[in-house]
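For the sequence shown, full-length UniProt numbering assigns the number 1 to the initial residue and increments by one for each residue that follows.
Note that beta-carbon positions come from the ideal geometry of N, C-alpha and C, so glycine has one too.
Since this is a predicted model, take the numbers as computed values, not measurements.
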Amino acid sequence: MDVRRRLPPKPRRPLPITESSHHHHCKTPFLADVDLSPSPTPKASDALPLPLYLTNGIFFTLFFSVAYYLLHRWRDKIRSSTPLHIVTLSELTAIVSLIASFIYLLGFFGIDFVQSFVSRADVDVDIDVEPDILEADSRPCTKLMDQPLPPPVVMSSEEDEEIVKSVVTGKTPSYSLESKLGDCYRAASIRREAVQRTTGRSLLGLPLDGFDYESILGQCCEMPIGYVQIPVGIAGPLLLNGCEYVVPMATTEGCLVASTNRGCKAIYACGGATGILLKDGMTRAPVVRFSTAKRASDLKFFLEDPLNFDTLTVVFNKSSRFARLQSIQCSMAGKNLYIRFCCSTGDAMGMNMVSKGVQNVLEFLQSDFPDMDVIGISGNFCSDKKPAAVNWIEGRGKSVVCEAIITDDVVKKVLKTTVPALVELNMLKNLAGSAVAGALGGFNAHAANIVSAVFIATGQDPAQNIESSHCITMMEAINDGKDLHISVTMPSIEVGTVGGGTQLASQSACLNLLGVKGANKESHGSNSRLLATIVAGSVLAGELSLMSAIAAGQLVRSHMKYNRSSRDMSKIGS
């Protein structure tokens with residue numbers, strides 16, 4: 001069966017072109033109704049002397065008639081013990097007729113497959129569009145019929161149209177459009193159209209307008225073709241350390257914001273939560289190699305000698321006015337040495353900052369250890385964007401503990417459960433259950449949910465949610481079992497309030513909502529430390545609410561009610 005998108009049977013003239021205004025002076029005309037009809041092409045059935053339906057009828061009748069005749073003749077021969085290979089003239093004629101009709105019917109059922117190759121070679125289009133569009137359209141693909149092709153867009157000027165064609169053919173690299181054109185929006189628009197023509201797939205629903213593409217050039221995203229819309233909800237107020245915070249959360253998971261908001265309500269009703277910053281230090285761990293393990297151990301002893309630390313600190317701190325080396329930890333594997341540098345980074349998350357400091361130290365060490373071979377600036381002993389015991393034990397970024405006491409009355413009225421039920425569930429789920437699963441830093445209900453939502457809203461690196469979500473949730477009955485003490489301990493929250501995505505308008509607005517936008521000029525690093533504490537407080541609220549929903553048997557019911565939708569959002573105007 002031919003699953004390609006079939007072209008209309010009769011050629012029509014293309015309808016008039018309409019225009020829709022775009023950014024600045026750009027106006028992109030669209031073809032209102034593009035006709036891709038082929039010119040009449042020869043069909044395999046044209047070679048038949050009789051009409052196709054009549055020919056089919058003759059051969060179908062012939063096939064079944066001679067098959068019936070031969071079966072009866074062979075049955076009679078078997079009964080009379082006559083050898084089957086002895087045939088009469090009528091039987092020979094019947095065998096030839098059977099073979100001929102079988103060959104015809106086989107060709108008839110395959111005629112559509114043959115016709116697809118004939119028509120594909122002879123497609124002729126009535127309008128001037130790129131051949132690549134038609135080639136993409138004619139690729140056999142079982143899902144292509146479900147994906148409408150984008151309308152071929154004629155760019156606003158001949159120059160833009162030529163650039164699109166150049167990108168499609170590979171003459172102009174897509175990544176070079178911004179530098180060649182000097183207009184980031186125009187580059188994104190041209191790249192977007194080139195992608196649609198190359199793939200034959202529509203990007204309808206992915207917005208292009210309404211975004212400052214200049215703001216991401218060289219720092220956030222390469223080769224943009226649009227942006228993804230993620231709704232931002234608010235949870236709170238979160239009463240933390242005597243201050244109220246309205247927490248922005250970017251998510252597409254129903255119930256998440258509502259659940260966190262309920263946790264904030266319970267914490268607020270009980271006088272708020274307390275957050276304590278335990279440690280603040282970003283890490284980077286290069287791997288170096290020597291010819292022998294003895295030489296690797298010599299460098300290890302040198303780095304761990306307190307007498308050398310001050311000298312190394314001076315070298316490291318030259319990289320930035322905010323970078324301050326805190327410690328050096330070494331680990332050996334044969335003749336390979338892994339050196340974990342830890343330093344404070346002000347209000348930046350600090351990965352680039354600490355990497356520059358490490359590079360300075362490695363260059364300094366080359367004078368005393370010329371046989372040192374630097375294999376990589378990162379040897380995974382850091383450890384970045386992957387679960388690792390070293391982060392769970394030693395910490396990375398900001399280490400925070402947050403606690404609250406929830407009264408029995410609030411547990412019953414707001415959370416709809418009981419203190420004993422929460423304590424038991426936490427022990428069997430978050431502690432014992434996670435241990436059975438062999439969890440690493442995952443002794444919680446859903447810390448990653450809240451961390452990811454806040455990270456995306458405030459411009460953090462979403463991939464660092466992996467180690468930033470390391471969390472152990474503890475619950476204990478106090479005051480003779482009447483009240484609940486709940487805490488979350490998170491040893492590696494990696495956040496910043498300057499650099500990266502924090503400088504984008506939307507993310508900057510969310511940081512401003514929390515009162516931590518940009519760098520704190522009076523106390524370097526205090527904004528990022530406060531943001532980490534707010535993240536931990538939000539996780540505390542989310543843990544409290546979800547565990548209550550599970551204990552009360554409300555989880556499935558609430559998700560069936562608030563986390564299901566049949567709407568096709570792609571059909572809503574972008």
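Of the listed residues the options, nearest to residue i (C-alpha basis)
{"i": "Leu514", "options": "Ile550, Lys165, Val454 and Met490", "result": "Val454"}
{"i": "Asp305", "options": "Arg321, Cys330, Gly281 and Arg284", "result": "Cys330"}
{"i": "Gly433", "options": "Phe341, Thr497 and Ile472", "result": "Ile472"}
{"i": "residue 661", "options": "Leu181, Asn56 and Ile267", "result": "Residue 661 falls outside the range modelled here, since the chain spans only 1 to 574, and no answer is possible."}
{"i": "Val556", "options": "Gly200, Val96, Pro248 and Gly254", "result": "Gly254"}
{"i": "Gly441", "options": "Met475, Ile393 and Ala457", "result": "Ile393"}
{"i": "Glu178", "options": "Gly170, Ser189 and Asp347", "result": "Ser189"}
{"i": "Asp409", "options": "Gly170, Asp483 and Cys221", "result": "Asp483"}
{"i": "Ser399", "options": "Glu494, Ala457 and Gly334", "result": "Glu494"}
{"i": "Asp373", "options": "Arg295, Leu428 and Lys386", "result": "Arg295"}
{"i": "Val167", "options": "Gly346, Phe381, Val195 and Gly182", "result": "Val195"}
{"i": "Ala404", "options": "Pro49, Lys265, Ser101 and Leu206", "result": "Lys265"}
{"i": "Met353", "options": "Val451, Gly500 and Thr533", "result": "Gly500"}
{"i": "Lys412", "options": "Ala323, Ala552 and Leu70", "result": "Ala552"}
{"i": "Tyr245", "options": "Ala549, Ser548 and Ala541", "result": "Ala541"}
{"i": "Ala250", "options": "Thr55, Ala389, Leu415 and Gln507", "result": "Gln507"}
{"i": "Asn520", "options": "Gly496, Ser355, Val535 and Ile534", "result": "Gly496"}
{"i": "Pro387", "options": "Gly107, Ser452 and Ile466", "result": "Ile466"}
{"i": "Thr502", "options": "Leu325, Thr533, Gly525 and Gln460", "result": "Gln460"}
{"i": "Gly263", "options": "Thr82, Leu415, Leu50 and Asp183", "result": "Leu415"}
{"i": "Leu71", "options": "Val247, Ser176 and Leu84", "result": "Leu84"}
{"i": "Gly376", "options": "Ala389, Ser367 and Leu362", "result": "Leu362"}
Burial state of residue i (16 or more Cβ within 10 Å)
{"i": "Leu238", "result": "buried"}
{"i": "Asp76", "result": "exposed"}
{"i": "Leu208", "result": "buried"}
{"i": "Cys243", "result": "exposed"}
{"i": "Ser20", "result": "Its pLDDT being 39, under 50, Ser20 is placed unreliably in this model, and the value from its coordinates should be taken loosely. With fewer than 16 Cβ atoms within 10 Å of its Cβ, Ser20 is classed as exposed."}
{"i": "Ile78", "result": "exposed"}
{"i": "Asn391", "result": "buried"}
{"i": "Asn512", "result": "exposed"}
{"i": "Tyr338", "result": "buried"}
{"i": "Glu522", "result": "exposed"}
{"i": "Asn430", "result": "buried"}
{"i": "Lys171", "result": "exposed"}
{"i": "Gly210", "result": "exposed"}
{"i": "Asp58", "result": "Just to set this straight, residue 58 is Ile in the shown sequence, not Asp. So Ile58 ends up on the exposed side."}
{"i": "Lys180", "result": "exposed"}
{"i": "Met1", "result": "Note that Met1 has pLDDT 40, beneath the 50 cutoff, so the model's placement of it is unreliable and the number below is only indicative. So Met1 ends up on the exposed side."}
{"i": "Glu543", "result": "buried"}
{"i": "Asn261", "result": "buried"}
{"i": "Gly272", "result": "buried"}
{"i": "Asp160", "result": "buried"}
{"i": "Met332", "result": "exposed"}
{"i": "Ile95", "result": "exposed"}
{"i": "Glu214", "result": "exposed"}
{"i": "Tyr68", "result": "exposed"}
{"i": "Ile450", "result": "buried"}
{"i": "Ser101", "result": "buried"}
{"i": "Arg321", "result": "exposed"}
{"i": "Pro248", "result": "buried"}
Anticipated Cβ contact below 8 angstroms, residue i with residue j, distance rounded
{"i": "Arg192", "j": "Ile234", "result": "Between Ile234 and Arg192 the Cβ distance is about 32 angstroms, and since that is not below 8 angstroms, they are no contact."}
{"i": "Thr458", "j": "Cys510", "result": "5 angstroms"}
{"i": "Thr283", "j": "Arg340", "result": "6 angstroms"}
{"i": "Cys343", "j": "Phe316", "result": "7 angstroms"}
{"i": "residue 613", "j": "Met474", "result": "Missing from the structure shown is residue 613; the chain here goes from 1 to 574 and no further."}
{"i": "Pro286", "j": "Ser378", "result": "7 angstroms"}
{"i": "Ser97", "j": "Val66", "result": "5 angstroms"}
{"i": "Ala477", "j": "Val423", "result": "5 angstroms"}
{"i": "Asp212", "j": "Ala505", "result": "7 angstroms"}
{"i": "Leu105", "j": "Phe63", "result": "6 angstroms"}
{"i": "Leu299", "j": "Phe369", "result": "6 angstroms"}
{"i": "Gly518", "j": "Val539", "result": "Incorrect: roughly 24 angstroms between the Cβ atoms, too far for contact."}
{"i": "Ala445", "j": "Leu546", "result": "5 angstroms"}
### Query
Is it a yes or a no for the segment 307-314 touching the segment 289-296, going by three-plus beta-carbon pairs under 8 angstroms?
no
### Message
Restricting to runs no shorter than 4 residues, where is the alpha helix (DSSP H) found entirely within the segment 474-511?
### Response
none
### Task
At 3 residues or longer, and completely inside the segment 408-480: list those beta strand (DSSP E) runs for me, N to C.
471-478
### Message
Taking contact to mean 3 or more Cβ pairs, one atom from each stretch, closer than 8 angstroms, check whether the segment 523-533 and the segment 272-279 are in contact.
### Response
yes
### Task
Enumerate, from N- to C-terminal direction, the unbroken alpha helix (DSSP H) stretches of 4 or more residues contained entirely within the segment 178-256.
184-199
### Query
What alpha helix (DSSP H) runs, 4 residues minimum, are completely inside the segment 255-323?
256-269, 293-304 and 306-317
### Task
Would you list, in sequence order, the uninterrupted alpha helix (DSSP H) runs of no fewer than 4 residues that lie entirely inside the segment 329-396?
351-365 and 389-394
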